[in-house]
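What follows is a single structure, written as structure tokens, with notes after it.
Residue numbers (the working numbering): 11 to 161.
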């Protein structure tokens, strides 16, 4: 799977994220502080990774900043992106299952190596729900994106 990764800081957990994704067999496209010469500002690099998903360059993305909130806000401004800030495995699983999230947002401050592994395990193991209510909710979010894009 092609995964775009962004971080506004070159923190150990951000480097570990890239290493772990590659170890799991994913092709990683780096943005921000993870790519020499790239703009590391959280709004810029999170948008870049999210656009990769929206434009089909990447299948999914992981966006990081100190708290994860700025990265998730920026990513969610890109039409077609459903970014979820996840601090644990249960939230990551739910985001994929019920929300069909395609961008994982992480906080560099709180994410330890063991928690990162648990979150990635849950994120990649979960499949989007086929429950009609869940499908309708995701479709509604898609319509909101389309309306925002049209205006």
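For every residue, glycine included, the Cβ atom is placed at its ideal position computed from N, Cα and C.
Exposed or buried, residue i, counting other C-beta atoms within 10 Å across all chains shown (16 or more means buried)?
| i | result |
| --- | --- |
| residue 121 | buried |
| residue 65 | exposed |
| residue 150 | exposed |
| residue 15 | buried |
| residue 123 | exposed |
| residue 161 | exposed |
| residue 32 | exposed |
Suppose you measure from the CA of residue i to the CA of residue j; what does that come to, to the nearest Å?
| i | j | result |
| --- | --- | --- |
| residue 94 | residue 80 | 11 Å |
| residue 111 | residue 61 | 14 Å |
| residue 126 | residue 47 | 26 Å |
| residue 128 | residue 134 | 10 Å |
For residue i, write down the residues that DSSP places opposite it in a beta bridge.
| i | result |
| --- | --- |
| residue 95 | 115 |
| residue 206 | Absent from the model: residue 206. The displayed extent of the chain is 11 to 161, so no value can be given. |
| residue 42 | 17 |
| residue 71 | 14 and 113 |
For residue i and residue j, which I take to be in contact (beta-carbon distance under 8 Å), what is that distance rounded to the nearest angstrom?
| i | j | result |
| --- | --- | --- |
| residue 116 | residue 55 | Actually they do not touch by this definition, with Cβ atoms about 13 Å apart. |
| residue 5 | residue 43 | Any property of residue 5 remains undetermined from this structure, which presents the chain solely from 11 to 161. |
| residue 52 | residue 99 | Their Cβ separation, rounded to whole angstroms, is 24 Å, which puts residue 52 and residue 99 out of contact at 8 Å. |
Looking at residue i and the ligand ATP, is the gap between the Cβ and the nearest heavy atom below 7 Å?
| i | result |
| --- | --- |
| residue 141 | The model on display carries no ligand, and the ligand ATP is accordingly not part of it. |
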